[in-house]
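Residue numbers (my numbering), protein chains in the order written: chain C, -11 to 159; chain E, 12 to 329.
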């Protein structure tokens, strides 16, 4: 099933030949740095290999630029997160500061969680954090947010659904 | 993800999520646990879906609470949603480590946008639906056309749109202040200090303010919309459409306001001294040459133009 709905490597190779130079130019005009643009173009084609996209592409350049745009935004998000993480460290007692190795694991998890949270309504976001981070139970959350248990259950299910999609189903 | 593992179907994932919510975040009865065990054994992909979903939850539950909360709050403050992510990027550009983003005077919005103009630039473009779009100075927009709708997102600046009524899809316009829907309108949108200026020249549009009921806006109306969703007829000292013809057309406009207008089209600083701020300006000026406009001002009003540098200009009493 996954094999059939991704582009074949040969097709990607062809796209690469026809559009890589254009894409690098497009990116360069946005990021203003040749090397950075080349890296992002490379990443774009790597994503294309994994993307579930029925071939042939009708508008390959529009598609490529939308992937590239997503990559640029991801990078900025990651920078935002790392900055926020650094700032948060300042508030922690020294003994609680995670090791460098652990830091990357935490950041990766937080990055996904952050993206998921952005797709949720405020109430669902709150419920999900109370459940996952603080370990509160559904009745406790219902009490805290002044909503029914059924609502909390729905919110949590929705949040987990988003997390799942981000982890397993997206590009 | 190894290619050998078959992915569970959406229905199986949904069921696994339901189980997880019941088992992990609530106190399950023995009967519930038994039903869960039966479900788990029913299909290998049920087990796989469970594995994936519970891994997700374990991973999040293992995060350090305090640090994670603070970090997430930090990014929430610069919240990214589809409409806001460009604002976040603008915030980031100040943070260093992203120096390449700062070379563009307009910041990231312009870099990331589908179409943008720099200071003093104007651009005319045609949507794939046949609609006519004009961008005024220092403007950035995104265009998204799908089978269901046409959408223009005003990221910053000022834009005019003549929606092609021959296209059946509704045209949605998204701004930081509120959204609009139309089919046939010719309209103008401008971000300003008080929110958003909306002028409809022909056809009609529906304004969806952020916190008020929708309002039909008719041809000839000009509204000022505040970020909190209030709107009222705008009082203008000029023709808001002037720039679409390349002119700044004003009537009895206080000089201070005129300077603010003119400054939008010029890089650098344009200052107006308080003692001449209330002088009135009337006329139609060509935007293509702002230096010429300054010279004309000095001729028609008792003012003097001082060039501290090319990009630092003060208007004072003559």
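Glycine included, each C-beta is placed from N, C-alpha and C at the ideal position.
Would you verify that the beta carbon of residue i is, or is not, closer than 7 angstroms to some beta carbon of chain C?
i, result
"residue 40/E", "no"
"residue 231/E", "no"
"residue 136/E", "no"
"residue 178/E", "no"
"residue 306/E", "no"
Quick check on residue i: does DSSP put it in helix, strand or coil?
i, result
"residue 353/E", "This structure leaves residue 353/E out entirely; chain E is present only between 12 and 329."
"residue 217/E", "strand"
"residue 185/E", "strand"
"residue 89/C", "helix"
"residue 54/C", "helix"
"residue 151/C", "helix"
"residue 129/E", "coil"
"residue 139/C", "helix"
"residue 18/E", "coil"
"residue 384/E", "With chain E represented from 12 up to 329, any question about residue 384/E goes unanswered, as that position is not in the structure."
"residue 121/C", "coil"
"residue 309/E", "helix"
"residue 160/E", "coil"
"residue 137/E", "strand"
"residue 86/E", "helix"
"residue 142/E", "coil"
"residue 249/E", "strand"
"residue 78/C", "coil"
Taking 7 angstroms as the CB-CB cut-off, is residue i touching chain E?
i, result
"residue -2/C", "no"
"residue 53/C", "no"
"residue 125/C", "yes"
"residue 72/C", "yes"
"residue 82/C", "no"
"residue 26/C", "no"
"residue 31/C", "no"
"residue 145/C", "yes"
"residue 4/C", "no"
Tell me which residue opens and which closes the beta strand (DSSP E) that residue i is part of.
i, result
"residue 318/E", "314 to 320"
"residue 327/E", "323 to 328"
"residue 291/E", "291 to 297"
"residue 169/E", "169 to 173"
"residue 153/E", "151 to 156"
"residue 6/C", "Counting along the chain, residue 6/C falls outside any beta strand (DSSP E), though it belongs to the alpha helix (DSSP H) covering -3 to 19."
"residue 227/E", "226 to 228"
"residue 202/E", "197 to 203"
"residue 243/E", "242 to 244"
For the alpha helix (DSSP H) containing residue i, list its first residue and its last residue.
i, result
"residue 193/E", "Note, residue 193/E: premise wrong, no alpha helix (DSSP H); beta strand (DSSP E) at 189 to 193."
"residue 287/E", "First-last for residue 287/E: undefined, no H or E at that position."
"residue 45/E", "41 to 53"
"residue 235/E", "Looking at the DSSP string, residue 235/E is not in any alpha helix (DSSP H); the run it does join, the beta strand (DSSP E), is 233 to 236."
Residue i: which of the options sits nearest, CA to CA?
i, options, result
"residue 224/E", "211/E, 133/E, 232/E and 241/E", "241/E"
"residue 67/C", "96/C, 87/C, 83/C and 116/C", "96/C"
"residue -3/C", "32/C, 28/C, 36/C and 109/C", "36/C"
"residue 220/E", "214/E, 208/E, 266/E and 55/E", "208/E"
"residue 119/C", "173/E, 198/E and 72/E", "72/E"
"residue 74/C", "91/C, 110/C, 135/C and 3/C", "91/C"
"residue 277/E", "162/E, 68/E, 194/E and 131/E", "131/E"
"residue 169/E", "52/E, 187/E and 149/E", "149/E"
"residue 68/E", "228/E, 302/E, 154/E and 30/E", "30/E"
Who are the near neighbours of residue i in its chain, counting only those whose CB is closer than 7 angstroms to its CB and skipping five residues on each side?
i, result
"residue 255/E", "145 and 171"
"residue 135/E", "145"
"residue 250/E", "260"
"residue 318/E", "324"
Which same chain residues, not among the five before or five after residue i, have their C-beta less than 8 angstroms away from its C-beta?
i, result
"residue 299/E", "257"
"residue 192/E", "181, 182, 183, 184, 216, 217 and 219"
Skipping 5 residues on each side, what residues in its chain have a beta carbon closer than 6 angstroms to that of residue i?
i, result
"residue 328/E", "286 and 287"
"residue 98/E", "Note on residue 98/E: pLDDT 46, under 50, position unreliable in the model; the coordinate value appears next. Here the set comprises nothing."
"residue 62/C", "none"
"residue 56/E", "19 and 23"
Any C-beta of chain A sitting closer than 7 angstroms to the C-beta of residue i?
i, result
"residue 87/C", "Absent here is chain A; the protein component of the structure consists of chains C and E."
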